[in-house]
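Take a look at the structure set out below.
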Amino acid sequence: MSDSDRYSAPTPNRAVSDVVAFVLTFAIIIAGVGLVSTGAFDRLTAFTDEQRIDNAERGMEAAASTIDSLGRGNDTYREFALSLSGGNVWFRNSTITIENSSANLSRLPGGSADSADIPVNALEHRFEFGGETVRITHEGGGVFRTDTARPRYDPAITVEDGTLIVSLINLTSDETIDRSGTYDSNLALDPTGVPTEAPVSADKQFVSFSAELIGQRRVYNSTVDDPDITVDVSASASPEQWGYFFSEAEGWTSTGDATYTPDERIDTVLIRVSTIRLSTPPRRTT
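The sequence shown lines up with residues 13 to 298 when you count with the working numbering.
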């Protein structure tokens with residue numbers, strides 16, 4: 013029998029099976045590509061969100077350094093800018109209270125003989141995504157982030173050898189500060205092609221600030237009779253983050269309700285409050 017005699021054409025059923033197998037295989041490949049692409053895109057979006065927050069944190073740290081320079085008397089006027097990165101930058105009122113019966117705190121803003129409700133106020137950069145809110149806040153001279161324990165920029169509060177030094181920044185403004193940026197990471201994904209958009213804001217959005225030192229108040233007492241000095245941060249914008257600071261700083265003990273006191277007897281007190289006025293240029297319209 014010749015080779016041509018042994019050859020037979022495929023049956024219709026065999027042809028149908030081959031087509032079905034090809035279609036199923038192709039469908040599995042497409043579905044797999046879609047799942048992998050979607051997972052990778054979700055990870056990319058999460059990474060981008062984290063980068064936005066990290067960039068905002070670095071921006072607030074730079075702003076704190078600029079403001080700190082004013083508080084130390086190195087300058088009287090500076091400018092800085094924050095990248096909105098799809099977040100919201102706003103100004104809110106907050107207070108830190110210091111109490112001591114013999115230091116005479118009446119010279120401080122909000123002060124009386126034995127206590128001072130010092131307005132420090134807060135410049136806050138807030139992000140909301142995935143049901144979570146992350147706040148990066150400049151308050152009192154420190155920078156705090158809600159999803160981390162340690163301050164990103166330490167406030168100037170120290171206790172050493174019987175001396176308490178507190179240097180606070182009181183931010184103030186004659187205007188309402190509330191700026192927001194746009195950002196959309198909810199992009200359509202085509203598993204058979206590349207995204208037509210990038211998961212970043214198309215334009216760079218910044219809010220610029222002018223910072224001016226408009227006053228300083230000081231209290232100095234080297235003969236403190238009452239060793240009981242308390243710092244109360246319950247009316248601050250970030251009491252939990254202040255708590256982390258005091259728990260890790262040397263020489264402090266929590267007395268409950270967001271109130272802290274030095275571990276050692278205090279003989280000398282130096283408290284300085286620098287008032288810095290923030291202003292923003294008017295929005296430009298096109």
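Where a beta carbon is used, it is the ideal one built from N, C-alpha and C, also for glycine.
Item to complete: Name the residue from A68, E73, I79 and D61 whose alpha carbon lies nearest to the alpha carbon of S222.
Response: Locating residue 222 in the sequence shown gives position 210, counting from the first residue. Out of A68, E73, I79 and D61, I79 has the C-alpha closest to the C-alpha of S222.
Worksheet item: Which value, in whole angstroms, describes the spacing of the CA atoms of H150 and R277?
Response: Here residue 150 corresponds to residue number 138 of the sequence shown, with the count starting at 1. Here residue 277 corresponds to residue number 265 of the sequence shown, with the count starting at 1. Using only the alpha carbons, I get a separation of about 30 Å.
Worksheet entry | G268 beta carbon near the ligand HEM (any heavy atom closer than 6 Å) | Inclusion of the ligand HEM in the displayed structure is not the case, the ligand content being empty and no account of it being possible.
Item to complete: Assuming I108 contacts V146 (C-beta within less than 8 Å), just tell me the rounded distance between them.
Response: Counted from its first residue, the sequence shown places residue 108 at position 96. Counted from its first residue, the sequence shown places residue 146 at position 134. Between V146 and I108 the Cβ distance is about 23 Å, and since that is not below 8 Å, they are no contact.
Worksheet entry | Three-way DSSP call (helix, strand, coil) for N67 in this model | Indexing the sequence shown from 1 puts residue 67 at position 55. If DSSP states are grouped into helix, strand and coil, N67 belongs with the helices.
Worksheet item: Does DSSP put S197 in a helix, in a strand, or in coil?
Response: Working through the sequence shown from its first residue, we reach residue 197 at position 185. Residue placement at S197 is poorly supported in this model, since its pLDDT is 39, which falls under 50; the coordinates are not used for a value here.
Worksheet item: Considering Y232, what are the terminal residues of the beta strand (DSSP E) in which it resides?
Response: Position 220 of the sequence shown, counted from the first residue, corresponds to residue 232. That run of the beta strand (DSSP E) goes F218 to N233.
Discussion item. Between which two residues does the alpha helix (DSSP H) holding E260 run?
Written reply: Counting from 1 along the sequence shown, the entry for residue 260 is found at position 248. Looking at the DSSP string, the run of the alpha helix (DSSP H) that includes E260 is P251 to E260.
Worksheet entry | Alpha-carbon to alpha-carbon, I241 and S248 | Numbered from 1 along the sequence shown, position 236 holds the residue referred to as residue 248. Numbered from 1 along the sequence shown, position 229 holds the residue referred to as residue 241. Between S248 and I241, the C-alpha separation is close to 18 Å.
Discussion item. Just to confirm the assignment, what range does the beta strand (DSSP E) spanning T265 have?
Written reply: Position 253 of the sequence shown, counting from 1, holds the residue named residue 265. Start and end: W264 to G268.
Item to complete: Identify which residue in L183, R229, V243 and G153 has its Cα closest to the Cα of I288.
Response: Position 276 of the sequence shown holds residue 288. Checked all of L183, R229, V243 and G153; the closest Cα to I288 is L183.
Item to complete: Taking only the alpha-carbon atoms, compute the straight-line gap between F141 and V171 and give it to the nearest angstrom.
Response: What you label residue 141 is simply residue 129 of the sequence shown in a count that begins at 1. What you label residue 171 is simply residue 159 of the sequence shown in a count that begins at 1. Looking at the two C-alpha atoms, the distance is approximately 39 Å.
Worksheet item: Quick one: is A125 buried, meaning 16 or more other Cβ sit within 10 Å of its Cβ, or exposed?
Response: Here residue 125 is taken as the residue at index 113 of the sequence shown, counted from 1. Exposed is the call here.
Worksheet item: At a Cβ threshold of 7 Å, is D173 touching chain B?
Response: This model lacks chain B altogether; it includes just one protein chain.
Fill in: Same chain, Cβ closer than 6 Å to G227, neighbours up to 5 away in sequence not counted
The sequence position of residue 227 within the sequence shown is 215, counting from 1. Same-chain partners within the cutoff: T287.
Worksheet entry | Under 7 Å between C-beta atoms of S220 and A93 | By 1-based counting over the sequence shown, the position of residue 220 is 208. By 1-based counting over the sequence shown, the position of residue 93 is 81. Taking 7 Å as the Cβ cut-off, S220 and A93 qualify as a contacting pair.
Worksheet item: If you drop the 5 nearest sequence neighbours on each side, which residues of the same chain put their C-beta closer than 6 Å to that of N233?
Response: By 1-based counting over the sequence shown, the position of residue 233 is 221. Hits under 6 Å: A115 and V281.
Fill in: Exposed unless 16 or more other CB atoms sit within 10 angstroms - verdict on G153
Mapped onto the sequence shown, residue 153 falls at position 141. It is buried - the Cβ of G153 has at least 16 other Cβ atoms within 10 Å.
Worksheet item: Is it the case that the Cβ atoms of I148 and M72 are separated by a distance below 7 Å?
Response: The residue given as residue 148 occupies position 136 in the sequence shown. The residue given as residue 72 occupies position 60 in the sequence shown. Contact: yes.
Worksheet item: Mind checking whether V231 and L82 have CB atoms under 7 Å apart?
Response: Mapped onto the sequence shown, residue 231 falls at position 219. Mapped onto the sequence shown, residue 82 falls at position 70. Cβ distance not < 7 Å, so V231 and L82 don't count as in contact.
Discussion item. I need the DSSP call for R289, collapsed to helix, strand or coil.
Written reply: Your numbering for residue 289 matches position 277 in the sequence shown. If DSSP states are grouped into helix, strand and coil, R289 belongs with the strands.
Worksheet entry | Residues of its chain near F156, where Cβ-Cβ distance is below 6 Å and the 5 sequence neighbours each way are ignored | Here residue 156 corresponds to residue number 144 of the sequence shown, with the count starting at 1. Closer than 6 Å at the Cβ level, and outside the excluded window around F156, lie T149, P163, S250 and Q253.
Discussion item. Does I278 come out as helix, strand or coil in the three-state DSSP assignment?
Written reply: Taking the sequence shown and counting its residues from 1, the one referred to as residue 278 is at position 266. Note: I278 maps to coil in three-state DSSP.
Practice prompt. Identify, in the order they occur along the chain, each residue of the same chain with its Cβ nearer than 7 Å to the Cβ of D238, setting aside the five sequence neighbours on each side.
Written response: On the sequence shown, residue 238 is found 226 positions in, with the first residue counted as 1. Here the set comprises N112, S113 and S114.
Discussion item. Considering just the uninterrupted stretch of the beta strand (DSSP E) at T88, what are its terminal residues?
Written reply: Counting from 1 along the sequence shown, the entry for residue 88 is found at position 76. It is not in any beta strand (DSSP E) - T88 carries neither H nor E in the DSSP assignment.
Worksheet entry | Within 7 Å, strictly: CB atoms of T161 and Y272 | Taking the first residue of the sequence shown as 1, we reach residue 161 at position 149. Taking the first residue of the sequence shown as 1, we reach residue 272 at position 260. Per the sequence presented here, residue 161 reads as Ala, with Thr not at that position. Result no, Cβ atoms of A161 and Y272 do not sit closer than 7 Å.
Practice prompt. Give the secondary structure of L94 by DSSP, where H, G and I count as helix, E and B as strand, and everything else as coil.
Written response: What you label residue 94 is simply residue 82 of the sequence shown in a count that begins at 1. DSSP places L94 in strand when its eight states are reduced to three.
Practice prompt. Please name the residue, chosen from S106, D61 and T188, that lies closest to V245 on a Cα-to-Cα basis.
Written response: The count along the sequence shown starts at 1 and reaches residue 245 at position 233. The residue with the shortest Cα to Cα distance from V245 is S106.
Item to complete: Kindly identify the DSSP beta-bridge partner or partners of V155.
Response: Along the sequence shown, read from residue 1 onward, the residue named residue 155 stands at position 143. Paired residues: H150 and Y165.
Fill in: Coarse secondary structure for S113, derived from DSSP in three states
Locating residue 113 in the sequence shown gives position 101, where the first residue counts as 1. It is coil, neither helix nor strand.
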